[in-house]
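Numbering (our numbering), first residue to last: 40 to 178.
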């Protein structure tokens with residue numbers, strides 16, 4: 040994962056990649072298990088570049104297919120805001136995006152609270168052996 044990858048998909052090209060530590064590249068497990076429930080989740084985001092252990096084109100295609108499935112309308116919750124609303128989600132198993140809004144007409148007040156959670160390890164999908172795939176940013 041890296042912010043460079045997401046910006047590259049959007050067409051930005053103004054990157055100084057001479058210092059990889061500054062670019063913020065990090066690997067994440069593709070499949071995670073929530074320790075509280077045992078529920079398996081996919082860790083997907085626009086920052087994912089490819090899957091470690093797979094050929095880059097195939098890994099990118101798989102990430103695109105998984106993201107397309109995860110963002111189908113029947114898998115998406117859209118909140119229509121009203122005064123005093125509070126929305127809470129678990130970042131470990133939720134993809135989230137803001138929507139365009141008119142800053143000249145609407146006021147947004149966002150507050151964030153974070154908790155510390157244990158690290159996640161790759162896990163087996165239901166009845167299927169899953170390789171220890173990790174998502175990696177472009178080198």
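For glycine and all other residues, C-beta sits at the position ideal for the given N, C-alpha and C. All of these numbers come straight from a predicted model, not from anything done at the bench.
Between the Cα of residue i and those of the options, spot the shortest distance and give me the residue it belongs to.
i, options, result
"residue 67", "113, 77 and 91", "91"
"residue 153", "146, 87 and 128", "128"
"residue 85", "77, 79, 110 and 75", "110"
"residue 65", "107, 141, 89 and 150", "89"
"residue 118", "136, 103 and 108", "136"
"residue 103", "79, 114, 147 and 83", "83"
Under the assumption that residue i contacts residue j (Cβ atoms under 8 Å), give the Cβ distance between them as a whole number of angstroms.
i, j, result
"residue 105", "residue 81", "6 Å"
"residue 151", "residue 140", "Not a contact, Cβ separation roughly 18 Å."
Can you confirm whether residue i, when its beta carbon is compared against all beta carbons of chain E, has any partner nearer than 8 Å?
i, result
"residue 105", "No chain E appears in this structure, which consists of one protein chain only."
Taking the beta strand (DSSP E) that residue i falls in, what are its first and last residues?
i, result
"residue 78", "First-last for residue 78: undefined, no H or E at that position."
"residue 72", "70–72"
Practice task
Taking 8 Å as the threshold, find out whether the stretch 124–131 comes into contact with the stretch 86–99 through three or more Cβ pairs.
Solution key: no
Practice task
Would you be able to state if there are at least three C-beta pairs under 8 Å between the stretch 127–135 and the stretch 71–90?
Solution key: Verdict: yes, contact present.
Handout entry: Minimum length 4: unbroken alpha helix (DSSP H) runs contained in the stretch 91–118
Key = 95–109
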